[in-house]
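Trainee: The opening position of the sequence shown corresponds to residue 1 in the numbering used here, with each subsequent residue numbered one higher.
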Amino acid sequence: MQWGRAMRLAILGTGAMARYYAKLFASLNPVMVGRQGGSYVLSQDRDRSIVTPEFLHWTVAHSSLFDLVIVAVKWPAMPLVQSFFKDAGSDLLVISLMNGMGQEEALIPPLSPEQLMVGVTTDAVTLDHDDESGLPAARVTAVGHCLMPLIPHPLVPFWQQQLKDLGLWGSWKFLSAEAVRRERWVKLIQNSIINPLTALANVTNGEITRIPLWTLSRSLLEEARKVSHAIGMALPSDLDFRVSQLCQMTASNKSSMLQDIERRRMTEIDAINGYIIRTARTVSLQAPTHEALTQLIHAMETHFDAS
Ligand SMILES: NC(=O)c1ccc[n+]([C@@H]2O[C@H](COP(=O)([O-])OP(=O)(O)OC[C@H]3O[C@@H](n4cnc5c(N)ncnc54)[C@H](OP(=O)(O)O)[C@@H]3O)[C@@H](O)[C@H]2O)c1
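As structure tokens, this is what we get:
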């Protein structure tokens, strides 16, 4: 299937994921939107490329300039994303690959449910610095899958064709909205355990399972499981095993929340554990361990620059 003209693609964000997707979709000449653009180095296995995407600052970028937008910012940037989509036309297709939950509540309106695809990805990319060139960099540490809900937007078949043309059809999968929502909940719960515990203990994903703080993982999982059950979300019965397995598979990685704390950046805690707490309240439940960890992370953020 052909698109009548070149598809105009924007990637919101200039961080690790945005750098990876700007390289992956380089043939579509994506425009990166953020606070600071410029060249960067993207390394993956033994490959090392210098990438210089077109860049627009938030103050001049507007959704009307684009057909397709991939949202790849961290949650503290959401007000800028909302402003970018203000007055968005109904032809626009938007893909979010952010962690955490609440994208629909944050972006509908101005977007309609028929134009927002909130997916989940197991790609893993870390911010880096390239000593050879002195440029900012990103390192791809795992190429996984992007799971997308199949929505009836006219641009979806064209996007699927682009993925096929780029040889990405095997790694971008389109599933029912319900199946993707379940995967998002699984990832939400994994993140709600691994992220705050590693950030508080200042340890890697592998080390966290070997220290006393890990005993809290059981209550975090049980509280989240009760909430998901109360909203009718059926989760895999081996979720505790999956969380430990993920820690082992990513043993040497620092979680994104630990990296945010190290960089003195506001974290995504409110969209991860905070989302579980808010959902618990809607079904008259409580999630006290999630609340305690959220408070502790907020205490660590107190002296960070919120901008
Ligand atoms: N990295 C991964 O492996 C991975 C995997 C799966 C999902 N995710 C999710 O993908 C999303 C993006 O992650 P990432 O790893 O690319 O994050 P990142 O490298 O930290 O980049 C974050 C982006 O958000 C912007 N941002 C953050 N706070 C902001 C603020 N207050 N105002 C304006 N801009 C702000 C940053 O802009 P500045 O650089 O100008 O601060 C940057 O463009 C997150 O939801 C993350 O959880 C990441």
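C-beta: ideal position from N, C-alpha, C; glycine also.
These numbers were taken from a predicted model, which means no experiment stands behind them.
Going by the C-beta, is T121 closer than 7 Å to any heavy atom of ligand 2?
Mentor: Absence of ligand 2 from the depicted structure is noted, with ligand 1 being the only ligands included.
Trainee: Grab me the residues of M148's own chain with a C-beta within less than 6 Å of its C-beta, minus the 5 sequence neighbours each way, in chain order.
Mentor: Here the set comprises M117, G119, F174.
Trainee: Touching or not, the segment 155-168 and the segment 82-99, by the rule of three or more beta carbon pairs under 8 Å?
Mentor: Contact holds: three or more Cβ-Cβ distances are below 8 Å.
Trainee: Suppose contacts are defined by Cβ-Cβ distances below 8 Å. Is T126 in contact with T141 by that definition?
Mentor: Yes, these two residues count as a Cβ contact at 8 Å.
Trainee: So for F85, helix, strand or coil by DSSP?
Mentor: Here F85 sits in helix by DSSP.
Trainee: Tell me, please, which residues DSSP counts as bridged to G34.
Mentor: In DSSP, G34 forms a bridge with H57.
Trainee: Can you name, in chain order, every residue of its own chain whose Cβ lies under 7 Å from the Cβ of M1, other than the five neighbours on each side?
Mentor: Caution applies to M1, whose pLDDT of 49 falls short of 50 and renders its modelled position unreliable; the model cannot decide the point.
Trainee: With DSSP run on the structure shown, which of helix, strand or coil describes I208?
Mentor: Helix at I208.
Trainee: Using the C-alpha atoms, what's the distance from A201 back to L213?
Mentor: Spanning the two alpha carbons is a distance of roughly 8 Å.
Trainee: Rounded to whole angstroms, what is the Cα-Cα separation between I68 and Y20?
Mentor: Here residue 68 is Leu; the residue named in the question, Ile, does not match the sequence. Each residue's Cα considered, the two are about 17 Å apart.
Trainee: Taking the alpha carbon of I193 as the reference point, which residue from I208, E183, W172 has its own alpha carbon closest?
Mentor: Considering only alpha carbons, the answer is I208.
Trainee: What residue range is occupied by the uninterrupted beta strand (DSSP E) comprising A199?
Mentor: Careful: A199 lies outside any beta strand (DSSP E), inside the alpha helix (DSSP H) at 177-201.
Trainee: Shortest alpha-carbon distance to C247 belongs to which of T52, G13, N191?
Mentor: Of T52, G13, N191, the residue nearest in Cα terms is N191.
Trainee: Quick check on L9: buried or exposed, where buried means 16 or more other Cβ atoms within 10 Å of its Cβ?
Mentor: Buried: at least 16 other Cβ atoms inside 10 Å.
Trainee: Pick from K23, M249, I277, G34: whose alpha carbon is nearest that of D47?
Mentor: Per the Cα distances, K23.
Trainee: How should G34 be labelled, buried or exposed, when 16 other C-beta atoms within 10 angstroms of its C-beta is the threshold for buried?
Mentor: So G34 counts as buried.
Trainee: For L107, which of L42, A18, P79 has the nearest alpha-carbon?
Mentor: Of the listed residues, the one whose Cα sits closest to L107 is P79.
Trainee: Are the segment 223-231 and the segment 272-291 in contact at 8 Å, needing three or more beta carbon pairs?
Mentor: Segments in contact, yes.
Trainee: Between E268 and G100, is the Cβ-Cβ spacing less than 8 Å?
Mentor: In this structure, G100 lies closer than 8 Å to E268 by Cβ.
Trainee: Could you spell out the range, first to last residue, of the beta strand (DSSP E) harbouring V51?
Mentor: Unbroken beta strand (DSSP E) run through V51: 47-51.
Trainee: Provide the residue span of the beta strand (DSSP E) that contains L24, from first to last.
Mentor: Counting along the chain, L24 falls outside any beta strand (DSSP E), though it belongs to the alpha helix (DSSP H) covering 16-24.
Trainee: Between the alpha carbons of T294 and Y40, how many angstroms are there, rounded?
Mentor: Taking the straight line from one Cα to the other gives about 34 Å.
Trainee: Does R5 come out as helix, strand or coil in the three-state DSSP assignment?
Mentor: Reduced to three states, the DSSP call for R5 is coil.
Trainee: For G34, is the beta carbon positioned less than 7 Å from some heavy atom of ligand 1?
Mentor: The answer is yes for G34.
Trainee: Applying the criterion that 16 or more other CB atoms from any shown protein chain within 10 Å of the CB defines a buried residue, is A251 buried or exposed?
Mentor: It is exposed - the Cβ of A251 has fewer than 16 other Cβ atoms within 10 Å.
Trainee: Between which two residues does the beta strand (DSSP E) containing S284 stretch?
Mentor: No beta strand (DSSP E) contains S284, which DSSP labels as neither H nor E.
Trainee: Is it the case that the Cβ atoms of S284 and N195 are separated by a distance below 8 Å?
Mentor: It is not a contact, given that the beta carbons lie outside the stated cut-off.
Trainee: Name, in chain order, the residues that DSSP records as bridge partners for C146.
Mentor: C146 pairs with T121, W172.
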